[in-house]
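Per the UniProt record's numbering, the sequence shown starts with residue 1, numbered consecutively.
Even glycine gets a Cβ: it sits at the ideal position worked out from N, Cα and C.
Right, one structure below, let's go through it.
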Amino acid sequence: MPANYNATTNVIGRLTFASNYVNADVGLGYDAMGRVTSQTYCLPDNCANRQSASAAYDLAGNMTDLRYPDGRHITQTWDAENRLQTINLADINGVAANQNYLQSIVYNPDGSPNVTTLGNGAAQQVMENNRLQISSMSISNSNSNSPFSGQSFLSRSYCYVCGTGNGGNNGNIWQITDNQNSARTQSFTYDSLNRISSFSLGGTLNQQYQIDSFGNMSPLSGGNPLYTFDSATNRINNLPCAASMSNQNAFDSGGNQLCDTDTNGAVRTYTFDAENRTTGITIAGNQAPFESYAYSADGARVRKLNANNDYTEYVNFGGQTIAEKDQTGAWTDYIFANGKRIAKTTNNYQRLHLTGSSCGANAEADWNIASNSTPISSGDRMVWHEEHADGQQSYLKVQFSNNVWMFEGAMDPQGGVWQTASVDLSPWAGDSTWGIWIAEIADGSGSIEAKITDLALVKADGTVYPFFDGQTGVPGATSFGCGTSSVVSENVPVEAGASTIVDTKFYVGDHLGTAQMEFSSGGWPVWQGQFAPFGQELDTQTTSNHYKFTGKERDAESGLDYFGARYYGSSMGRFISPDWSANQDPVPYARLDDPQSLNLYTYGGNNPLIHIDADGHCWPQWLCNFATEVKNKVLHGEFTTDTNGAKIRQLDRQEAKTRQMNRIMEEMKQHPPKVSYGIVAPVDLLFLLPRATQGTTYLYQKLGPNGEHLKYGITNDPEGRYTKSKLNGGMRRQARKSLRSPVREPAC
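Given below as structure tokens:
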């Protein structure tokens, strides 16, 4: 244990320190209720300079405060039902600050969010049908001060029975209708095992899939599968990169995929450590990796480092990546609501810096935003954030394809202040752009200086054309009447007074958690995501957001998604390593009543529209959540997926519970219970089966999102087959044969 780590109080019987004994460790502190209140971190760049994060909780166990390693302090409020309501910035390193990240959440009767309003006024509404399946999703702007007030950015409807001969509602999503642009409507077909077989976009077939009896999926090209598979190992037989490997084998003995091919045709090779974790990526033929990875003692990735010594280091708290630090020392903090990433905020930001010097009267410097053809419709709008010198003015000029010019000027008369610049393009509806420029007119001193960020063309149907969202490469500047002019993209510290404008982005995801839109602090979208079923990005727009498919980080260097336990390739629709378990298990996380789960490479049972792999191990997540709910009910007296919170709240009511359980057990000895007790929705206690020699068996049931009747059997068998330790260590349990309906639980 490092000399500069001091264990805190309340640590008896709890994990206080974990290290990989190379370049990363974490120390944990607790309050009297056993809740994690502090974590200190050794990060690979400078282990001597420990970072820290801390949290505080209310009496119900809800997190009320979170302090980030860079000193950012946020507060959270909860309603009487222990549902999250608001998230606000309280201070930074003790200096009072004020920024709203989450304005409010209105909940559905089942406890899921109905309307989530972010701090910038972007509001997402999710409606459910009578089977608690998502039926529609919309995103709009609720900020009355925004130029987009009341505008809908996204509107979708989900169809489970679409009149296409698919029969009744068995949970499969057959169509996601885009109510604003039919070209974005997605349609799907399935085989008899509910595995996806095709995907259409805007009525045109986009992708087809062939899935063999073992669950191996291959996209089709010209009607032929791209991949063939080894029936004994489920590994891909015909990866083109295998020819570059010394033994012509694209997999190692542990089943890890050792190579792939990038978009330029170059072969990338992957190295793995003894725990089957990817440690580096190298271009075939080179000696040194161009990207390297380091992991903490619990297996979480703590660093990625490229050949230029640029790196990202990660800080995790409560199972979520709450912060990243780069080689300049700049921090990026992430804000979560109900487990979903809703915002990021930075202490450095990327901006455009437009300058001109030796400028005469009425001289201007122009930045050529785009030279392409974009049709204009009524309601389309150009918008950006800008700050420039006193006495200077800016305007937008557009040349249309019919050689008509538009000059919309005299914006931002107040210098030195970040403001929103917005131009309504409705008067030019029906035309198409040819060129777009932002022009800056010199002030009286003969110079030009302007800073710009969050620049996008937002169309009335929700289509987003991002022109600047933090990228480093930008087109050059032209000038008229100035001696010199330039435009550069630069990364700079956030200036005082600009923090609530330039340092924060907001995110909205779909029912899977896949990022759909990135918003500026002003409430307009600066990026729009569009993904195929297995996570391939259909429109690779420029964005600074690297958390995409189901909210997982997508590595630019490989295109792989980091899921925690392993890496996933969206272009293949499968993991590059087989699933594994910390416990000895010949087929980890498999269910013998579902042969498809025996394939350790597949993603989500090849139905990625309704199944989510939470950490690279377990799907479907709702089934894992159900198992966790029941486990926590049995062990800690509460239906919840938050095991740690359940433990904490259990201590609060331990004395009362002890008295209650003593009374109940005494009653059970005398008389078999006739009614359930202490059991509330969403899980029902069907019956109790007390037997003199077998203890008492509890049988729970719950209706799954696809109408499944889930059953869960638990007994206090004196032979110990259902002990608490077994329940806590693994969820695969066979109900006693005396039960009329034997059940087997998911290994989650």
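- Message: Contact between the segment 364-381 and the segment 423-435 is defined here as three or more beta-carbon pairs at a separation below 8 Å; is this criterion met?
- Response: The segment 364-381 makes contact with the segment 423-435; the number of CB pairs closer than 8 Å reaches 3 or more.
- Message: Using the Cβ count rule (16 or more neighbours within 10 Å means buried), how would you classify Cys42?
- Response: For the purposes of this step, residue 42 is taken as residue 42 along the sequence shown, with counting starting at 1. With 16 or more other Cβ atoms within 10 Å, it is buried.
- Item | Identified DSSP bridge partners for Pro113 | Here residue 113 refers to the residue found at position 113 when the sequence shown is read from its first residue. Paired residue(s): Tyr107.
- According to DSSP, which residues form a beta bridge with Asp443? Within the sequence shown, residue 443 is the residue found at index 443, counting from 1. Beta-bridge pairing links Asp443 to no other residue.
- Hey, quick one: how far does the beta strand (DSSP E) through Phe336 stretch, first residue to last? Residue 336 sits at position 336 when you count from the first residue of the sequence shown. Where Phe336 is concerned, the enclosing beta strand (DSSP E) starts and stops at 331-337.
- Name the DSSP beta bridge partners of Ile610, please? Taking the sequence shown and counting its residues from 1, one reaches residue 610 at position 610. Ile610 pairs with nothing; no bridge assigned.
- Please report the residue range of the beta strand (DSSP E) in which Gly509 lies. As a first step, residue 509 is located in the sequence shown; it is residue number 509 there, counting from the start. Where Gly509 is concerned, the enclosing beta strand (DSSP E) stretches over 504-509.
- Less than 8 Å between the CB atoms is what I'm expecting for Tyr547 and Arg574, so what's the real figure, rounded? Counting from 1 along the sequence shown, the entry for residue 547 is found at position 547. Counting from 1 along the sequence shown, the entry for residue 574 is found at position 574. 21 Å between Cβ atoms; not a contact.
- Message: If you reduce the DSSP assignment to three classes, tell me which class Leu239 lands in.
- Response: As a first step, residue 239 must be located in the sequence shown, where it is residue number 239. Coil, per DSSP.
- Task: Pick helix, strand or coil for Thr16, following the three-state DSSP scheme.
- Result: Along the sequence shown, one-based indexing puts residue 16 at 16. In the structure shown, Thr16 sits in coil (DSSP, three-state: anything other than H, G, I, E or B).
- Message: Within the continuous beta strand (DSSP E) that includes Asn306, where are the two ends?
- Response: Here residue 306 corresponds to residue number 306 of the sequence shown, with the count starting at 1. Start and end: 301-306.
- Task: Taking the CB atoms as reference points, tell me whether Asn172 and Tyr158 lie closer together than 7 Å.
- Result: Start at 1 with the first residue of the sequence shown, and residue 172 comes out as number 172. Start at 1 with the first residue of the sequence shown, and residue 158 comes out as number 158. The beta carbons of Asn172 and Tyr158 sit no closer together than 7 Å.
- Helix, strand or coil at Gln596 according to DSSP, with G and I counted as helix: Numbered from 1 along the sequence shown, position 596 holds the residue referred to as residue 596. It is helical.
- Going straight from the alpha carbon of Arg554 to that of Ser112, what length do you get? Taking the first residue of the sequence shown as position 1, residue 554 is located at position 554. Taking the first residue of the sequence shown as position 1, residue 112 is located at position 112. So the two alpha carbons sit approximately 27 Å from each other.
- Own chain residues within Cβ distance below 6 Å of Ile369, not counting five before or after: On the sequence shown, residue 369 is found 369 positions in, with the first residue counted as 1. Around Ile369: Ile436, Phe467.
- Message: Could you check whether Thr269 and Thr282 sit closer than 7 Å to each other, using their CB atoms as the reference points?
- Response: As a position in the sequence shown, residue 282 is number 282, starting the count at 1. As a position in the sequence shown, residue 269 is number 269, starting the count at 1. For Thr282 and Thr269, yes; Cβs fall inside 7 Å.
- Task: Assign Ser426 to one of three DSSP states: helix, strand, or coil.
- Result: Looking up residue 426 in the sequence shown gives position 426. Correct three-state label for Ser426: helix.
- Item | For Gly695, three-class secondary structure by DSSP | The residue you call residue 695 lines up with position 695 of the sequence shown. Because Gly695 sits at a pLDDT of 44, beneath the cut-off of 50, its placement in the model cannot be relied upon, and the following sentence gives the value as read from the coordinates. Strand, per DSSP.
- Query: From this set, Glu364, Pro240, Ile448, Glu324, which residue's C-alpha is nearest Asn348's C-alpha?
  - Reply: Residue numbering aside, residue 348 sits at position 348 when the sequence shown is read from its first letter. Answer by Cα proximity: Glu324.
- Buried or exposed for Asn234, please, with buried defined as at least 16 other CB atoms from any protein chain shown within 10 angstroms of its CB. Residue numbering aside, residue 234 sits at position 234 when the sequence shown is read from its first letter. That one is buried.
- Message: Suppose you measure from the CA of Gly446 to the CA of Ala439; what does that come to, to the nearest Å?
- Response: What you label residue 446 is simply residue 446 of the sequence shown in a count that begins at 1. What you label residue 439 is simply residue 439 of the sequence shown in a count that begins at 1. Whole-angstrom Cα-Cα distance: 15 Å.
- Item | Sequence-distant residues of the same chain with beta carbon closer than 8 Å to Asn10, five excluded per side | As a working note, residue 10 is residue 10 in the sequence shown. Closer than 8 Å at Cβ, skipping near neighbours: Gly29, Tyr30, Asp31, Ala32, Gly34.
- Three-way DSSP call (helix, strand, coil) for Phe290 in this model: By one-based count along the sequence shown, residue 290 stands at place 290. In the structure shown, Phe290 sits in coil (DSSP, three-state: anything other than H, G, I, E or B).
- Query: Which one of Trp434, Ile196, Gln392 has the shortest CA to CA distance from Val404?
  - Reply: Locating residue 404 in the sequence shown gives position 404, counting from the first residue. Residue Trp434 is the option with its Cα nearest to Val404.
- Message: Measuring alpha carbon to alpha carbon, tell me which residue in Thr346, Gln39, Gln471 is nearest Phe317.
- Response: Mapped onto the sequence shown, residue 317 falls at position 317. Of the candidates Thr346, Gln39, Gln471, the one whose C-alpha sits nearest the C-alpha of Phe317 is Gln39.
- Element boundaries [beta strand (DSSP E), containing Ala515]: Residue mapping note: residue 515 aligns to position 515 of the sequence shown, counting from 1. Start and end: 515-519.
- Query: Since Ala55 is in the beta strand (DSSP E), which residue starts that stretch and which ends it?
  - Reply: As a working note, residue 55 is residue 55 in the sequence shown. Run containing Ala55: 51-57, per the beta strand (DSSP E) assignment.
- Kindly indicate which residue of Thr77, Pro525, Gly416, Ala300 has the alpha-carbon position closest to the one of Glu275. In the sequence shown, the residue the question calls residue 275 occupies position 275. Comparing Cα-Cα distances from Glu275 to each of Thr77, Pro525, Gly416, Ala300, the minimum goes to Ala300.
- Would the beta-carbon of Pro69 fall within 7 Å of that of Ala48? On the sequence shown, position 69 is the one that residue 69 refers to. On the sequence shown, position 48 is the one that residue 48 refers to. No, Cβ-Cβ distance for Pro69 and Ala48 is not below 7 Å.
- Query: According to the neighbour-count rule (16 or more other Cβ atoms, all chains shown, within 10 Å of its Cβ), is Tyr209 buried or exposed?
  - Reply: Stepping through the sequence shown from its first residue, residue 209 is reached at position 209. With 16 or more other Cβ atoms within 10 Å, it is buried.
- Message: For a test of the three-state rule: what should DSSP assign to Gly376, helix, strand or coil?
- Response: By 1-based counting over the sequence shown, the position of residue 376 is 376. Before going further, note that residue 376 is Ile rather than Gly in the sequence given. Reduced to three states, the DSSP call for Ile376 is coil.
- Message: Less than 6 Å between C-beta atoms, sequence neighbours within five positions excluded: which residues of the same chain meet that for Ala565?
- Response: Start at 1 with the first residue of the sequence shown, and residue 565 comes out as number 565. If we look at Ala565 and ignore the five residues flanking it on each side, its Cβ neighbours are Asp615, Gly616, His617.
- Message: For Ile501 and Ala97, I'd like the C-alpha separation in whole angstroms.
- Response: Looking up residue 501 in the sequence shown gives position 501. Looking up residue 97 in the sequence shown gives position 97. Rounded to the nearest angstrom, the two C-alpha atoms are 13 Å apart.
- Query: Can you give the Cα-Cα distance for Val464 and Asn372, rounded to whole angstroms?
  - Reply: Against the sequence shown, residue 464 aligns to sequence position 464. Against the sequence shown, residue 372 aligns to sequence position 372. Taking the straight line from one Cα to the other gives about 15 Å.
- Secondary structure of Arg566, DSSP reduced to three states: Residue 566 sits at position 566 when you count from the first residue of the sequence shown. Note: Arg566 maps to coil in three-state DSSP.
- Task: Compute the Euclidean distance between the alpha carbons of Gly720 and Pro588, then round it to the nearest angstrom.
- Result: Looking up residue 720 in the sequence shown gives position 720. Looking up residue 588 in the sequence shown gives position 588. Note that Gly720 scores a pLDDT of 35, beneath 50, so its modelled location is shaky; the value from the coordinates is reported in the next line. Approximately 24 Å, taken between the alpha carbons.
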